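Engineer: In the UniProt record's numbering, the protein residues as written are 1 to 570.
What follows is a single structure, and I will ask about it in a moment.
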Amino acid sequence: MFSLRHSRRIIPHLNPTAYKNCRCSSDSIRLDSVRNKVKQGPGLKDFIVGSSEPVLLDRPHIPYLPDNAHVTFKRKVFFDVYGCQMNLNDTEIVWSILKNEGFERTEVEEEADIFLVMTCAIREGAEAKIWHRLDHLRGFKRRREISKNRDKPVKIGILGCMAERLKVKLIEKEKAVDVVAGPDSYRDLPRLLALTSSGQTAVNVLLSLDETYADVVPVRLNQDSVSAFISIMRGCDNMCTYCIVPFTRGRERSRPVNSIVDEVRHLADQGVKEVTLLGQNVNSYRDISQQTEKADTHMAKGFKTVYKNKKGGLRFADLLDKVSSVDPEMRIRFTAAHPKDFPDEVLQIISERPNICKLLHLPAQSGSSAVLERMRRGYTREAYLQLVEHVKRTIPGVGLSTDMICGFCGETDEEFEETMTLMDIVDYNVAFLFPYSMREKTTAYRRYKDDVPEEVKKERHSRMIELYRRKCQLLNEAEIGNTHLVLIEGTVKKTGQVLGRNEFYLKVVFDQEEILTVDGGRRQAKPGDYVAVKIQSAKSSVLGGKPLYHTSIRDFYRECCWSDRSRIRL
Ligand code: 5AD
Ligand code: SF4
């Protein structure tokens, strides 16, 4: 547990809501006096002023801040984002908070005063990359200290899951960074950054039970993109034994439906054509601020949870209903999901709404019931396969994606072969395949031995990739001659071809040419257009085709055979 005792230079979290609900509250009594002092102290705006020159404000002495804490610049922030889409969206939330406080953003390292690294802790490899980046940034910081710009010292901040996991190591052992901010403390960042102006290190890694950043409108890092991300929930209660996420991101909590719908509307008004609803486990979404008369649905047969069943409130099917109704020409995707939370009402709404993409994430993690039991996934291989059958029957033409881990503690050759046969049976359109990486704090760390040798993990990993690619190649070749609805994103740099994505998020490329528009004219495709593309060639990760005509989601599926909705044979 991190505490004030570890370093006098570390100032804890002062946000009253998060403070009240935090899980790491052993510091709370000691912090009370600090909180009271803060209440009487200056506000955030007092530390950040709109000038590119350092400004010394006339302020009284504040006991817990050094006298020059308010010497500040209109500082430029450089973002580095590692890890999942949730991290990208969190960075957009951070940017929104900082922009609001007068910070600027730069994409040029030399211009930056602050480097904020959004981190991932899910596997050792992810963390290794970030340590490497930190070495580079520390070198950059040292060079600034002896350059003519030394009056504008560089500050380095670590945000996200690795900050939560390695708070003490980052600050005390490695002296690597100036700011450490966990996933629930981004509102506190302007204050934390202000504290660093006198060389202090500032930390806030408390987790909250209710922080969802519902009222923060993320500012997109790529304003030109036709797609955007929306976080609908945070944290995870599943406690799979291999996974660090419940420890770094805390308890599951959902954002109110209305704030999500408002954000979708706002994005539609900006011309965004595709939103991905994000969370660790989106399909267990539940807005408990809204009560409904509907009875709770039951989990599919053969699935169970480690937590007590949640009751009442609006659920994922209700959210999908509302979000997909905002704009029928806005594609809706969602990730990540857990197979336990796909009741019929969710499958039904996905099947009925043309603008909800029919690619379902059903992360199996393993094909062996014994491994699934050790992973505490709450289902067997048989229950999973039954669910796959049910999903394929309920949503004709559905695509499936998965996450798979090989080399988990005690995984035998036979158990691994079961993963291979599962992948063979299910025919995944998309798969994320990982060798197991032991994480401290997890149940597996305490209970099991990481006993599959690295070479074996590597070999199993390569075999999974090879099988997946081979199966994808076959699936994709079967699409030759079919017509896909493609949302145009831009062009391929190397070839100049037009690049878009089909319903299954597979890349589709074609040579630019003028094609028929909805109102009878002709023009080339541009980002944000929906184009009907006849598939002519297939690789395992990209399709090539010929553009036929401009269209819309509604028009395309009106012409399309209902039982095979993602494609039409011409
Ligand atoms: N080692 C390897 N893969 C992991 N994942 C989560 N934890 C680990 C780990 N310790 C994978 C799971 C999860 C995905 C996001 O990352 O497959 O679904
Ligand atoms: Fe990790 Fe399991 Fe939660 Fe996914 S569902 S984030 S794998 S604990």
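We put the CB at the ideal spot given by N, CA and C, even for glycine.
This structure is a prediction, so every number in the text was calculated from the model and none was measured.
As a quick exercise: from Leu-170, Glu-479, Glu-164, pick the residue whose alpha carbon is nearest that of Val-205.
Structural biologist: To locate residue 205, count along the sequence shown from 1; it is residue 205. Measuring from the Cα of Val-205, the nearest candidate turns out to be Glu-164.
Engineer: What's the C-alpha gap between Thr-517 and Glu-127?
Structural biologist: Taking the first residue of the sequence shown as 1, we reach residue 517 at position 517. Taking the first residue of the sequence shown as 1, we reach residue 127 at position 127. Using only the alpha carbons, I get a separation of about 48 Å.
Engineer: Using beta carbons (cut-off 8 Å, strictly below), is Thr-402 in contact with chain C?
Structural biologist: Here there is only one protein chain, and chain C is not present.
Engineer: Near Val-452, which residues of its chain fall below 6 Å by C-beta distance, leaving aside the five closest residues on each side in sequence?
Structural biologist: The sequence position of residue 452 within the sequence shown is 452, counting from 1. Same-chain partners within the cutoff: Gly-407, Glu-411.
Engineer: I'd like to know whether the C-beta atoms of Arg-463 and Met-420 end up nearer to each other than 8 Å.
Structural biologist: Against the sequence shown, residue 463 aligns to sequence position 463. Against the sequence shown, residue 420 aligns to sequence position 420. Yes; because the gap between Cβ atoms is below 8 Å, this pair is in contact.
Engineer: Should Asn-476 be listed as close to the ligand SF4, given that the test is whether its C-beta is under 7 Å from any heavy atom?
Structural biologist: Position 476 of the sequence shown, counted from the start, is the residue given in the question as residue 476. The answer is no for Asn-476.
Engineer: Would you mind listing the alpha helix (DSSP H) stretches within the UniProt domain "MTTase N-terminal" (75–198) that are 4+ residues and don't spill past its ends, in chain order?
Structural biologist: DSSP runs (the alpha helix (DSSP H)) wholly in the UniProt domain "MTTase N-terminal" (75–198): 85–100, 124–145, 161–165, 189–195.
Engineer: Just confirm the distance between the C-beta atoms of Val-508 and Gly-500, as a whole number of angstroms; I'd bet it's less than 8 Å.
Structural biologist: The residue given as residue 508 occupies position 508 in the sequence shown. The residue given as residue 500 occupies position 500 in the sequence shown. Confirmed, Cβ separation roughly 5 Å.
Engineer: With 16 other CB atoms within 10 Å as the buried threshold, where does Glu-440 fall?
Structural biologist: One-based indexing of the sequence shown puts residue 440 at position 440. It is exposed - the Cβ of Glu-440 has fewer than 16 other Cβ atoms within 10 Å.
Engineer: Spell out a yes or no on whether the stretch 270–287 and the stretch 224–239 are touching, meaning 3 or more CB-CB pairs, one atom from each, closer than 8 Å.
Structural biologist: Output reads yes: the stretch 224–239 touches the stretch 270–287.
Engineer: How should Gln-512 be labelled, buried or exposed, when 16 other C-beta atoms within 10 angstroms of its C-beta is the threshold for buried?
Structural biologist: Here residue 512 is taken as the residue at index 512 of the sequence shown, counted from 1. Looking at its Cβ environment, which holds fewer than 16 other Cβ atoms inside 10 Å, Gln-512 is exposed.
Engineer: Sort out for me which residues DSSP pairs residue 571 with in a bridge.
Structural biologist: Any question about residue 571 goes unanswered here, given that the chain covers just 1 to 570.
Engineer: For the alpha helix (DSSP H) that contains Thr-491, what are its first and last residues?
Structural biologist: Here residue 491 refers to the residue found at position 491 when the sequence shown is read from its first residue. Element bounds for Thr-491: not the alpha helix (DSSP H) but the beta strand (DSSP E), 482–491.
Engineer: Taking the alpha carbon of Leu-192 as the reference point, which residue from Pro-183, Asp-184, Asp-178 has its own alpha carbon closest?
Structural biologist: What you label residue 192 is simply residue 192 of the sequence shown in a count that begins at 1. Comparing Cα-Cα distances from Leu-192 to each of Pro-183, Asp-184, Asp-178, the minimum goes to Asp-178.
Engineer: Using DSSP with H/G/I as helix, E/B as strand and the rest coil, what is Ala-478?
Structural biologist: Your numbering for residue 478 matches position 478 in the sequence shown. Coil.
Engineer: Give the secondary structure of His-338 by DSSP, where H, G and I count as helix, E and B as strand, and everything else as coil.
Structural biologist: If you number the sequence shown from 1, residue 338 lands on position 338. Reduced to three states, the DSSP call for His-338 is coil.
Engineer: Could you tell me the distance, in whole angstroms, from the CA atom of Lys-358 to the CA atom of Ser-147?
Structural biologist: Counting from 1 along the sequence shown, the entry for residue 358 is found at position 358. Counting from 1 along the sequence shown, the entry for residue 147 is found at position 147. Whole-angstrom Cα-Cα distance: 55 Å.
Engineer: Between which two residues does the alpha helix (DSSP H) containing Asn-281 stretch?
Structural biologist: On the sequence shown, position 281 is the one that residue 281 refers to. First-last for Asn-281: undefined, no H or E at that position.
Engineer: Should Val-306 be counted as a contact of the ligand SF4 given a C-beta to heavy atom distance under 7 Å?
Structural biologist: As a position in the sequence shown, residue 306 is number 306, starting the count at 1. No, Cβ of Val-306 sits at least 7 Å from all heavy atoms of the ligand SF4.
Engineer: Is any non-hydrogen atom of the ligand 5AD found closer than 7 Å to the C-beta of Arg-393, if you look at the structure I gave you?
Structural biologist: As a working note, residue 393 is residue 393 in the sequence shown. No, the Cβ of Arg-393 stays beyond 7 Å of every heavy atom of the ligand 5AD.
Engineer: May I have the straight-line CA-CA distance separating Thr-91 from Arg-381, to the nearest angstrom?
Structural biologist: Taking the sequence shown and counting its residues from 1, the one referred to as residue 91 is at position 91. Taking the sequence shown and counting its residues from 1, the one referred to as residue 381 is at position 381. Using only the alpha carbons, I get a separation of about 37 Å.
Engineer: Considering Met-420, what are the terminal residues of the alpha helix (DSSP H) in which it resides?
Structural biologist: Counting from one through the sequence shown, the residue named residue 420 turns up at place 420. Residues 413–426.
Engineer: Please state the DSSP three-state secondary structure of Asp-555.
Structural biologist: As a first step, residue 555 is located in the sequence shown; it is residue number 555 there, counting from the start. The answer is helix: DSSP assigns Asp-555 an H, G or I state.
Engineer: Determine, using beta carbons only, whether Ile-535 and His-484 come nearer to each other than 8 Å.
Structural biologist: For the purposes of this step, residue 535 is identified with residue 535 of the sequence shown, where counting begins at 1. For the purposes of this step, residue 484 is identified with residue 484 of the sequence shown, where counting begins at 1. A contact, by the Cβ cut-off of 8 Å.
Engineer: I'd like to confirm the pairing. Which residues does DSSP put opposite His-390 in its beta bridges?
Structural biologist: Indexing the sequence shown from 1 puts residue 390 at position 390. BP columns for His-390 are empty, so no partner.
Engineer: As a quick exercise: from Glu-417, Leu-360, Pro-339, pick the residue whose alpha carbon is nearest that of Tyr-384.
Structural biologist: For the purposes of this step, residue 384 is taken as residue 384 along the sequence shown, with counting starting at 1. Checking every option, the nearest Cα to that of Tyr-384 belongs to Pro-339.
Engineer: From the DSSP secondary-structure annotation, give me the bridge partner or partners of Lys-546.
Structural biologist: Stepping through the sequence shown from its first residue, residue 546 is reached at position 546. DSSP output for Lys-546 lists Lys-534 as bridge partner(s).
Engineer: Confirm the yes/no value for this check: CB of Gln-280, any heavy atom of the ligand SF4, distance under 7 Å.
Structural biologist: Here residue 280 corresponds to residue number 280 of the sequence shown, with the count starting at 1. Result yes, Cβ under 7 Å from the ligand SF4.
Engineer: Can you tell me whether His-338 sits near the ligand SF4, meaning its C-beta is under 7 Å from at least one heavy atom of the ligand?
Structural biologist: Translated into the one-based positions of the sequence shown, residue 338 becomes position 338. Under cutoff, so the answer is yes.
Engineer: Can you tell me whether Asn-502 sits near the ligand SF4, meaning its C-beta is under 7 Å from at least one heavy atom of the ligand?
Structural biologist: Taking the sequence shown and counting its residues from 1, one reaches residue 502 at position 502. No - the ligand SF4 has no heavy atom lying nearer than 7 Å to the Cβ of Asn-502.
Engineer: Are Met-239 and Val-306 closer than 8 Å when you measure CB to CB?
Structural biologist: Looking up residue 239 in the sequence shown gives position 239. Looking up residue 306 in the sequence shown gives position 306. The answer is yes: Cβ separation under 8 Å.
Engineer: Does the beta carbon of Asn-238 fall short of 7 Å from some heavy atom of the ligand MN?
Structural biologist: With respect to small molecules bound, the structure shown includes the ligand 5AD and the ligand SF4 and not the ligand MN.
Engineer: Can you find the residues in the same chain that come closer than 6 Å, C-beta to C-beta, to Leu-65, ignoring five residues on each side of it along the sequence?
Structural biologist: The sequence position of residue 65 within the sequence shown is 65, counting from 1. Summary for Leu-65: the model assigns pLDDT 47, below 50, so the residue's position carries little reliability, and this model does not support an answer.
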